[in-house]
Amino acid sequence: MIKFATSNSGKFKEARNFLLKNYNIELYQIKDLHILEIQDNELENIAEFSLKELMKKYNQKMFVEDAGLFIKILKEFPGPYSSYVYKTIGNKGILQLLKPYNDPKDLSAYFKSVIAFYNPDKDNIKVFTGIVRGKIAKGIRGKKGWGFDPIFIPNDGDGRTFAEMGMKLKNKYSHRTRSLNKLGKYLQEFNIK
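Now the structure itself:
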């Protein structure tokens with residue numbers, strides 16, 4: 011039994027649906043995350059630290075995921091601080107910060123997802139990363155999704171934001187799908203359930 015430690019129900023639903031559909035892996039949620047959190051400039055460090063904190067409470071197959079939006083012209087801000095930035099200034103605040111920049115190249119950005127997985131049978135941690143490159147939209151578009159989805163347009167898409175696509179199409183391009191796919195392949199290859 012593999013558990014995903016997250017209090018974000020949307021993130022859990024996305025991961026559960028993807029792993030079940032593509033790898034026939036059933037996923038369970040650990041919602042009680044009362045752990046020490048670090049601030050760091052690297053998502054990998056944050057994910058590994060969080061996982062190690064959870065390992066003190068749970069000795070089972072589990073993973074955590076940390077993700078961020080990195081905007082080139084803002085020196086990769088908000089990056090690992092994306093959750094805090096979304097809660098404080100939101101999509102409107104990000105668009106306000108980008109107002110002085112008119113060149114489309116200035117709006118280039120990427121979403122990054124980092125999964126840290128612990129297998130107590132092997133007593134090891136594996137890290138999987140997924141990145142999707144794109145740009146920031148000029149305005150908030152779409153009602154589906156959450157977080158920065160209404161302002162992010164993936165390069166590989168059809169010009170719509172993640173929030174305009176819906177879950178099925180978003181998952182085709184998503185940074186989280188890419189890291190989950192790497193996790194799924196690993197679990198399948200080593201027959202970890």
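Position one of the sequence shown corresponds to residue 11 (our numbering), numbered consecutively onward. In this text, a Cβ means the ideal position worked out from N, Cα and C, and glycines have one as well.
Residue i to residue j span [Cα, whole Å]
i    : j    : result
L108 : L117 : 8 angstroms
L179 : G169 : 12 angstroms
N165 : F121 : 11 angstroms
F172 : Q70  : 33 angstroms
Q106 : K154 : 22 angstroms
Q198 : N191 : 10 angstroms
M72  : K203 : 10 angstroms
L184 : V142 : It should be noted that the sequence gives Ser, not Leu, for residue 184. Their Cα atoms are separated by approximately 6 angstroms.
F59  : D131 : 20 angstroms
G176 : K97  : 22 angstroms
Y111 : A25  : 35 angstroms
Beta carbon proximity, residue i to chain B, threshold 7 angstroms
i    : result
A119 : No chain B is part of this structure, which consists of one protein chain only.
C-beta atoms of residue i and residue j nearer than 7 angstroms
i    : j    : result
A77  : S123 : yes
S189 : G140 : yes
L37  : F127 : no
L43  : A15  : yes
K13  : I40  : yes
E174 : G152 : yes
For residue i, the residue or residues it bridges with in DSSP
i    : result
R151 : Per DSSP, none; premise fails for R151.
F73  : F14, F127
R143 : Y120
V137 : A126
I40  : A15
Identity of the residue in the options nearest residue i by Cα
i    : options              : result
I104 : D159, K23, R26, K195 : D159
F200 : Q39, E86, N129       : N129
F28  : T187, K82, F59, I99  : T187
E63  : V74, I45, Q49        : I45
N101 : N112, P88, S19       : P88
L84  : D50, L61, A119       : A119
Can you confirm whether the segment 128 to 136 touches the segment 145 to 154 when touching is taken to mean that 3 or more C-beta pairs between the two stretches lie within less than 8 angstroms? Because the criterion of three Cβ pairs below 8 angstroms is not met, the segment 145 to 154 and the segment 128 to 136 do not touch.
Using a Cβ distance threshold of 8 angstroms, determine whether the segment 89 to 108 contacts the segment 19 to 38, with at least three qualifying pairs required. No, the segment 89 to 108 is not in contact with the segment 19 to 38.
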